[in-house]
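Asker:
Protein chains: 2
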Amino acid sequence: MTELERIQTLILESTPVLGREMAPILDSLGRVLACDIAATEDVPCADISAVDGFAVFHGSLDGASKQNPVVLSVVGESPAGRPCGVTVGQGEAVRIMTGGVIPDGADAVVKKEDTEDQGPLVVCANNPARWGNIRLKGEAFKEGEVVLFAGDVVGPVEVCELASLRRAHVHVYQKPVVAIISTGDELSDFHESSSPGKTMSSTLYGLAAQVLETGAVPLLLGIAPDNPLEQQRLLSEGLRADVVITSGGLSKGKYDFVKETFQSLGVDIKFRNIAMKPGKPAVFGAINKTLIFGFPGNPSASMISFEQFVKPALLKMMGRLPATDAQESPFSAIDSFRLDHMGCNSHSRASLVPCRKLSTGDGKPL
Amino acid sequence: MTELERIQTLILESTPVLGREMAPILDSLGRVLACDIAATEDVPCADISAVDGFAVFHGSLDGASKQNPVVLSVVGESPAGRPCGVTVGQGEAVRIMTGGVIPDGADAVVKKEDTEDQGPLVVCANNPARWGNIRLKGEAFKEGEVVLFAGDVVGPVEVCELASLRRAHVHVYQKPVVAIISTGDELSDFHESSSPGKTMSSTLYGLAAQVLETGAVPLLLGIAPDNPLEQQRLLSEGLRADVVITSGGLSKGKYDFVKETFQSLGVDIKFRNIAMKPGKPAVFGAINKTLIFGFPGNPSASMISFEQFVKPALLKMMGRLPATDAQESPFSAIDSFRLDHMGCNSHSRASLVPCRKLSTGDGKPL
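As given, the protein sequences belong to chains Z and G, one line each in that order. Under my numbering, the residue at position 197 of the first sequence is numbered 218, and the numbers go up by one with no gaps. Under my numbering, the residue at position 133 of the second sequence is numbered 154, and the numbers go up by one with no gaps.
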């Protein structure tokens, strides 16, 4: 186990699975079912025709073929959604549409293509198998059968299945709320005009986008100045969320208070200074059920740290429990991140772009 | 070119790219930029320190090392966001934090780790390169430089870049509105109780989920009964959308009117009866700028048809123009669909599940 894997495991051990909530099925898309879903009735709820044609008593068409067509009397019609009350006997047929209920006495459907409809009579040039072209009651699902399971991720196919089971709402795991705070007197937000020495707090927005992309809810708490009281106020506010991410304020500068603020709020610091670049330095802790991540102020370092440490925790919170096989593990999600950024200059606040453009190394001029 | 590719190409030729709209950057996630984004100022907007330490005139530390440390006078402090007015001369230093503006006269920063801070004096045990540990004005972006391009898909990294360029809103392509109609007297929706011969219109919800997953906006128009006037009314309503999808009402049954309804509304039918299973039969047409897709009533057939025919068109509408290389083509998105459903029984209204559970072929009893 690498150091990175050890830390990821430690984080997941501290991560709770959130509670469940009801969601309309279209809102459940991309989320995880929190309970099994069983059919409350047989689907289909009656024997129905799989084709357009004629419902017949199978014995009536013994030996029927193109060469030896058999003529039956048409005794009724069973369009989709409007079952007819007729019973089909030997030598009789009921005109039927796809989805139409099979009338009593019928045990096969001959396809329209194999017939010549003459109104009161029908000429049949084929002999379907017994129960041929019929979808039997309960063929798709039997009443009580579990169709979808707690832990299944809801995609379009599952939405369709839930609808076919007449489930308008389902229980899914809650979405974690992720409070995001940037720290540093040099930071400004959109409402402030730029001035020398001030940098846009772009990390706030990059992290918020990652939270959204993971399916969780970002809560942008804004910029905390380099001032312990103000940081404490914002961090306390963040503790009402499921996860708090701070960026900046962790290195050796005179005005870096974040670690102290964490401790003053009673956060149980599980580790600090992860041995990776450019993610280092980083802090992870927990208080009550809230996870706290402290990342560097540099946007690319924070965003890579998010992929490595926060995303697996968010997936677990939302019910995507880490599986034993690698393919299902939340860690595999990390691969999707643009890891080409891993190599970029951690000292550059806007280094997400320079790592595409520049390769001059560590802060050296061009 | 296969028949399928020929039809996909024909659909894309009829597909317009939609207009643009302003979106807050977090709402632009997953969407496509509709114009180039240039830097309106240098980023960073001043020379700033990449580390915590001391800004110095490089010449002051000639030959400085652990063995031969050099002592400088500390003449000021430049924390992040609060530039100091001091000019640094030979033998002088300014205490500086990461992000702090480099004072006049300084052309290097010696890292905190390489110093001993004695208040009015600092002992320096290292000689940084000229411009070492400094991020130069405009190093990330020069004013006027194009950083992001029309056609770029906005991910978290792009959101972060847009924020660092102080763009709170950006122009992105509009999301297509996709009207969805199911047809058939046998269908019922959630508000109706189930009865023999009635099936849930699950296709409506499955298609809506696919539309959402593609990043477009579903408009569920509900169920049209097997009645030409009612179908015409719902279809006319659908024509206000960018795309209309109908499911059902296309086969050879007595009550299948959809094709006629399309024609009565003036839809230019481009092709019908696509040679694929279980997607067949299908119809594609256009009227004004609205695309019309008619799919089979069976959910899996409709959902596979969506992936094959509608999704590439929606991607084009949203600015994801088909590229020449296969990797960038919207067609590649099709691979993500669970094509294991391709083999399933097209006659089963709830066949999305049976194709997992059953393999008894075409409507035969178990």
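Glycine included, each C-beta is placed from N, C-alpha and C at the ideal position.
(1) What is the C-beta distance between Z/R151 and Z/D128, in whole angstroms, given that I count them as a contact (C-beta under 8 angstroms)?
(2) So, does the CB of G/C181 fall closer than 7 angstroms to a CB anywhere in chain Z?
(3) Determine, for Z/N335, whether the minimum Cβ-Cβ distance to residues of chain G falls below 7 angstroms.
(4) Z/V178 bridges to which residues according to DSSP?
(5) For G/G153, which residues in the same chain have their Cβ closer than 6 angstroms to its Cβ, ignoring the five residues on either side in sequence?
(6) May I ask you to report which of helix, strand or coil DSSP gives Z/K291?
(7) On the DSSP letters alone, give me the boundaries of the alpha helix (DSSP H) that Z/I325 sits inside.
(8) Count the other CB atoms within 10 Å of the CB of Z/G287; is the residue buried (16 or more) or exposed (fewer)?
(9) Could you check if Z/L335 is buried or exposed, using at least 16 other CB atoms within 10 Å of its CB as the buried criterion?
(10) With a cut-off of 7 angstroms, does the C-beta of Z/E166 fall near any C-beta of chain C?
(11) Sort out for me which residues DSSP pairs Z/I46 with in a bridge.
(12) Determine the burial state of Z/V92: buried for a count of at least 16 other Cβ atoms within 10 Å of its Cβ, exposed for fewer.
(13) Would you say Z/G74 reaches chain G, if we count a Cβ-Cβ gap shorter than 7 angstroms as a contact?
(14) Short of 6 angstroms in beta carbon distance, which residues of its chain neighbour G/K132, apart from the five on each side in sequence? Order them along the chain.
(15) How far does the beta strand (DSSP E) with Z/V91 in it reach, from first residue to last?
(16) Closer than 7 angstroms, Cβ to any Cβ of chain G: which residues of the region 32-66 of chain Z, in chain order?
(17) Since G/F314 is in the alpha helix (DSSP H), which residue starts that stretch and which ends it?
(18) Are the region 190-206 of chain Z and the region 50-64 of chain Z touching by the rule of at least three beta carbon pairs closer than 8 angstroms?
(19) Give every residue of the same chain whose Cβ lies closer than 6 angstroms to the Cβ of Z/F162, excluding the five residues on either side of it in the sequence, and list them in chain order.
(20) Among all the DSSP beta bridges, which residues are the ones paired with G/M221?
(21) Ends of the beta strand (DSSP E) at Z/I117?
(22) Hey, G/E207 and Z/G102 are a contact pair by Cβ (cut 8 angstroms); roughly how many whole angstroms apart?
(23) Between which two residues does the beta strand (DSSP E) containing G/S203 stretch?
(24) Specify the secondary structure class of Z/E137 as computed by DSSP and reduced to three states.
(25) Between the region 178-193 of chain G and the region 35-47 of chain G, are three or more C-beta pairs nearer than 8 angstroms?
(26) Considering only heavy atoms of the ligand GTP, does any lie closer than 6 angstroms to the CB of Z/T204?
(27) Pull up the distance between the alpha-carbon of G/V178 and that of G/A237, whole angstroms please.
(28) Looking at the unbroken beta strand (DSSP E) that takes in G/P249, where does it start and where does it end?
(29) By the DSSP assignment, the alpha helix (DSSP H) with Z/S86 in it spans what residues?
(30) Among residues of its own chain, excluding the 5 on either side of Z/F352, which ones have a beta-carbon nearer than 7 angstroms to its beta-carbon?
(31) Can you tell me which of the three DSSP states Z/A129 falls into?
(32) Answer yes if the region 74-91 of chain Z comes into contact with the region 137-151 of chain Z, meaning at least three C-beta pairs across the two stretches below 8 angstroms, and no otherwise.
(33) Assuming Z/V109 is part of the beta strand (DSSP E), what are its boundary residues?
(34) Does chain G have any CB closer than 7 angstroms to the CB of Z/E26?
(35) Establish whether the CB of Z/F330 and some CB of chain G are separated by less than 7 angstroms.
(36) Kindly indicate the opening and closing residues of the alpha helix (DSSP H) around Z/S216.
Answerer: Result, derived from the coordinates:
(1) In the first sequence, the residue the question calls residue 151 of chain Z occupies position 130. In the first sequence, the residue the question calls residue 128 of chain Z occupies position 107. By a beta-carbon distance limit of 8 angstroms, Z/R151 contacts Z/D128. Their separation comes to about 6 angstroms.
(2) The residue you call residue 181 of chain G lines up with position 160 of the second sequence. Output row for G/C181: interface = yes.
(3) Sequence index remark: in the first sequence, residue 335 of chain Z carries index 314 (1-based). Sequence check: residue 335 of chain Z is Leu here, not Asn. No, no contact with chain G.
(4) Locating residue 178 of chain Z in the first sequence gives position 157, counting from the first residue. Partner(s): none; Z/V178 has no beta bridge.
(5) By one-based count along the second sequence, residue 153 of chain G stands at place 132. Only A129 meet the Cβ criterion.
(6) Numbered from its first residue, the first sequence carries residue 291 of chain Z at position 270. In this structure, DSSP gives Z/K291 an extended state, which the three-state scheme calls strand.
(7) Reading the first sequence from its first residue, position 304 is the one you call residue 325 of chain Z. Run containing Z/I325: 320-326, per the alpha helix (DSSP H) assignment.
(8) For the purposes of this step, residue 287 of chain Z is taken as residue 266 along the first sequence, with counting starting at 1. Looking at its Cβ environment, which holds fewer than 16 other Cβ atoms inside 10 Å, Z/G287 is exposed.
(9) Position 314 of the first sequence, counted from the start, is the residue given in the question as residue 335 of chain Z. Within 10 angstroms of the beta-carbon of Z/L335 lie 16 or more other beta-carbons, which makes it buried.
(10) Among the chains of the structure shown, chain C does not appear; the protein chains present are Z and G.
(11) Reading the first sequence from its first residue, position 25 is the one you call residue 46 of chain Z. DSSP, once it has assigned bridges, lists no residue as partnering Z/I46.
(12) The sequence position of residue 92 of chain Z within the first sequence is 71, counting from 1. Classification for Z/V92: exposed.
(13) By 1-based counting over the first sequence, the position of residue 74 of chain Z is 53. Output row for Z/G74: interface = no.
(14) Taking the second sequence and counting its residues from 1, one reaches residue 132 of chain G at position 111. Excluding residues within five positions, the ones whose Cβ falls inside 6 angstroms are V72, G74.
(15) Working through the first sequence from its first residue, we reach residue 91 of chain Z at position 70. That run of the beta strand (DSSP E) goes 91-99.
(16) Within the region 32-66 of chain Z, the qualifying residues are I46, L47, L50, E62, V64, P65, C66.
(17) Numbered from 1 along the second sequence, position 293 holds the residue referred to as residue 314 of chain G. Residue range 311-316 is occupied by the beta strand (DSSP E) that includes G/F314, with no alpha helix (DSSP H) assigned at that position.
(18) When C-beta atoms of the region 190-206 of chain Z are compared with those of the region 50-64 of chain Z, three or more pairs fall below 8 angstroms, so the two segments count as touching.
(19) Taking the first residue of the first sequence as 1, we reach residue 162 of chain Z at position 141. If we look at Z/F162 and ignore the five residues flanking it on each side, its Cβ neighbours are A60, V64, V168.
(20) By 1-based counting over the second sequence, the position of residue 221 of chain G is 200. G/S209.
(21) Counted from its first residue, the first sequence places residue 117 of chain Z at position 96. Run containing Z/I117: 113-117, per the beta strand (DSSP E) assignment.
(22) By 1-based counting over the second sequence, the position of residue 207 of chain G is 186. By 1-based counting over the first sequence, the position of residue 102 of chain Z is 81. The C-beta distance from G/E207 to Z/G102 rounds to 4 angstroms, short enough to meet the 8 angstroms contact threshold.
(23) Mapped onto the second sequence, residue 203 of chain G falls at position 182. Per DSSP, G/S203 belongs to the beta strand (DSSP E) from 198-204.
(24) Position 116 of the first sequence, counted from the start, is the residue given in the question as residue 137 of chain Z. Strand at Z/E137.
(25) Output reads yes: the region 35-47 of chain G touches the region 178-193 of chain G.
(26) Among the ligands in the structure shown, none appear at all, so the ligand GTP cannot be discussed.
(27) For the purposes of this step, residue 178 of chain G is identified with residue 157 of the second sequence, where counting begins at 1. For the purposes of this step, residue 237 of chain G is identified with residue 216 of the second sequence, where counting begins at 1. Their backbone Cα atoms lie some 22 angstroms apart in a straight line.
(28) Within the second sequence, numbered from 1, the residue matching residue 249 of chain G stands at position 228. Here G/P249 belongs to no beta strand (DSSP E); instead the alpha helix (DSSP H) covers 249-259.
(29) The residue given as residue 86 of chain Z occupies position 65 in the first sequence. Careful: Z/S86 lies outside any alpha helix (DSSP H) and carries neither H nor E.
(30) Taking the first sequence and counting its residues from 1, the one referred to as residue 352 of chain Z is at position 331. No answer about Z/F352 holds up, because its pLDDT of 41 lies below 50 and its placement is not dependable.
(31) As a first step, residue 129 of chain Z must be located in the first sequence, where it is residue number 108. Three-state result, Z/A129: strand.
(32) Two segments are said to touch when three or more pairs of C-beta atoms, one from each, lie closer than 8 angstroms; by this definition the region 137-151 of chain Z touches the region 74-91 of chain Z.
(33) Stepping through the first sequence from its first residue, residue 109 of chain Z is reached at position 88. No beta strand (DSSP E) contains Z/V109, which DSSP labels as neither H nor E.
(34) If you number the first sequence from 1, residue 26 of chain Z lands on position 5. No, because no Cβ of chain G sits closer than 7 angstroms to the Cβ of Z/E26.
(35) Here residue 330 of chain Z refers to the residue found at position 309 of the first sequence. Under the Cβ criterion of 7 angstroms, Z/F330 is not counted among the residues facing chain G.
(36) Working through the first sequence from its first residue, we reach residue 216 of chain Z at position 195. No alpha helix (DSSP H) holds Z/S216; DSSP gives it neither H nor E.
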